[in-house]
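Residue numbers (this note's numbering): 117 to 655.
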């Protein structure tokens, strides 16, 4: 359910056809592009490598990790409770859970832990470790971004302890939900939210944020060096099943993609997320050394639906129809994205390829809807917000210009650093459409619909609320079969796609550059991250 803070569509700057100017660009394809993106092993376990990362917001487990950057680190430091098979949706017990069993109506879930588990500091990983973590997360006093993950548990958000969470014994705990939810097991596979927490960490959450105490194959090597880097090393006492090939992984912080790429060119970074600004230059220089893989992430524009004129449904529909997604994908995103046809992105089970009536490009219908809306296009300036230094300026300006050309609405681009962007989101301070991305936590349409556009959803920054939508999502939660749940989720999605609190834009492709020093590099579409633990290093 995390926000994708840095949606890495592999794209950039062939924007001249849209009247935009792009910077940079390298020479042609080289004879020896270097790199090793094929996934072939280049070495035995051991060694060290470095990867680029945008500065996270938080790192403490059961805290405010609700974005891709902190998740990338915490998935190295923490084992999951359980994992989910991305294609089938079935649970995989490769984490801390020995078993997870629901009762007949799926309101009571019994979790049995594997024996002998411990934290990096030697504390036991027992039922109490999960109870204190989940209770801390949901406690309103702590104001945690992950609290929404606990919302289904009885008593959540009402005090320091949830009535629906209790320890049966040291290895077993029981979770009672406020209503049936067939996919609660899959939801628990999101490790950053459902991790246990050490008592030492609870006693000093600020210190734990600087040096998290986890359970996973890697542990922190020193403290988080803000705006510089985070280093993790293989934990010698790890007894779990997750891969940990390299001895050390250094995550290096960069404020601009160009700086990260220059460091990669100079040998300072081994694994690089190729951002839009430098894609063409990198592709020209590295050629086949760039690995390109599809993601299940969604890029969208949200509206402040409680604020005029964006409280007007027809205006929102008109704006969506005035954007030529295919042209932006071709000319700005270099063809490496797929225009959205649903809020739920492929290849998620239950996604649809023809759901969004207002996601097509139809400037005449857009003009007609604008006229029907009664909104005077000269009465306001469209302020379009995006987070800086993440490759969004070119495409947001392209979209804004199309809106201006087709609807006669003037625009102003507004950008800020990610931390400030989050503050604006949380404070509902945007006065115009805003860019966001979404990356799944578990493969279900519910994981897109409820958080983004459900009433009170953790990432519903639009203010949108529709009881009929909410009720259909609940019915989907309670359905006896996946097929029935998908149909009900689709009906809910149709409501949101009609009322347009958000404009689905596209799902994208991620580009990864890997140096000759590393192998086995791949993107895990289920995790929404590079599989850092699988990477091998040439010795």
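Built from N, CA and C at the ideal position, the CB exists for glycine as well.
If you draw a straight line from the C-alpha of residue 637 to the C-alpha of residue 201, how long is it? 20 angstroms
Out of 548, 616 and 298, state which residue places its alpha-carbon closest to the alpha-carbon of residue 580. 616
Identity of the residue in 648, 375 and 272 nearest residue 257 by Cα: Cα-wise, what sits closest to residue 257 is 272.
Test item: CB-CB of residue 411 and residue 626 under 7 angstroms: For residue 411 and residue 626, yes; Cβs fall inside 7 angstroms.
Hey, could you find the ends of the alpha helix (DSSP H) residue 301 is sitting in? Start and end: 300-303.
Starting from the N-terminal side, write out each stretch of the alpha helix (DSSP H) that is 4 residues or longer and does not extend beyond the segment 417-471. 429-437 and 441-447
State yes or no: is the C-beta of residue 453 within less than 7 angstroms of the C-beta of residue 459? no
According to DSSP, is residue 398 part of a helix, a strand, or is it coil? Taken through DSSP and simplified to helix, strand or coil, residue 398 comes out as helix.
Looking at residue 555 and residue 644, is the spacing between their C-beta atoms short of 7 angstroms? yes
Determine the contact status of residue 169 and residue 181, defining contact as a CB-CB distance below 7 angstroms. no
Limits of the unbroken alpha helix (DSSP H) element including residue 609: Looking at the DSSP string, the run of the alpha helix (DSSP H) that includes residue 609 is 598-615.
Among 630, 177, 639 and 291, which has the Cα closest to the Cα of residue 405? 630
Where do the N-terminal and C-terminal ends of the alpha helix (DSSP H) with residue 390 fall, by residue? Residue 390: not part of any alpha helix (DSSP H); DSSP gives it neither H nor E.
Report yes or no: do three or more beta-carbon pairs, one from the segment 385-400 and one from the segment 533-548, lie closer than 8 angstroms? no
Tell me the rounded alpha-carbon separation between residue 434 and residue 613. 13 angstroms
Once DSSP output is grouped into helix, strand and coil, what is the label at residue 242? coil
I'd like to know if the segment 218-233 and the segment 286-297 are in contact, where contact means that at least 3 CB-CB pairs between them fall below 8 angstroms. yes
Give the secondary structure of residue 336 by DSSP, where H, G and I count as helix, E and B as strand, and everything else as coil. Annotated three-state conformation of residue 336 is strand, per DSSP.
Within the chosen definition, does the segment 556-568 reach the segment 462-479 through at least 3 CB pairs nearer than 8 angstroms? In short, these stretches touch, since the Cβ pair count reaches three.
Let me check one thing: in DSSP terms, what residues is residue 522 bridge-paired to? Answer by DSSP bridge pairing: none, since residue 522 is not bridged.
Residue 630 bridges to which residues according to DSSP? 387
Close-in-space but distant-in-sequence residues of the same chain around residue 144 (CB under 8 angstroms, 5 per side omitted): Note that residue 144 scores a pLDDT of 32, beneath 50, so its modelled location is shaky; the value from the coordinates is reported in the next line. Hits under 8 angstroms: 400.
Does the distance from the C-beta atom of residue 503 to that of residue 330 stay below 7 angstroms? no
Nearest residue (CA-CA) to residue 250, options 325, 278 and 230: Closest by alpha carbon: 278.
With DSSP collapsed to three states, give me the class of residue 213. strand
Using only the alpha-carbon positions, how far apart do residue 204 and residue 598 sit? 11 angstroms
In terms of residue numbering, what span does the alpha helix (DSSP H) encompassing residue 585 cover? 583-594
Residue 571 - DSSP class collapsed to helix/strand/coil: coil
Say whether the segment 412-430 touches the segment 564-578, bearing in mind that this needs 3 or more beta-carbon pairs closer than 8 angstroms, one atom from each stretch. yes
Beta-carbon proximity check, residue 382 vs residue 175, cutoff 7 angstroms: no
Coil, strand or helix - residue 150 by DSSP: Per-residue confidence for residue 150 stands at a pLDDT of 45, beneath the threshold of 50, marking its modelled position as unreliable; no derived number is given.
Tell me the residue span of the alpha helix (DSSP H) that contains residue 554. Looking at the DSSP string, residue 554 is not in any alpha helix (DSSP H); the run it does join, the beta strand (DSSP E), is 550-554.
Per-residue burial, residue 335 [other beta carbons within 10 Å of its own, 16 or more giving buried]: buried
C-alpha distance - residue 263 paired with residue 431, whole-angstrom precision: 34 angstroms
What number of angstroms, rounded off, separates the C-alpha of residue 647 from the C-alpha of residue 395? 21 angstroms
Could you tell me which residues DSSP pairs with residue 294 in its beta bridges? None; residue 294 has no bridge partner.
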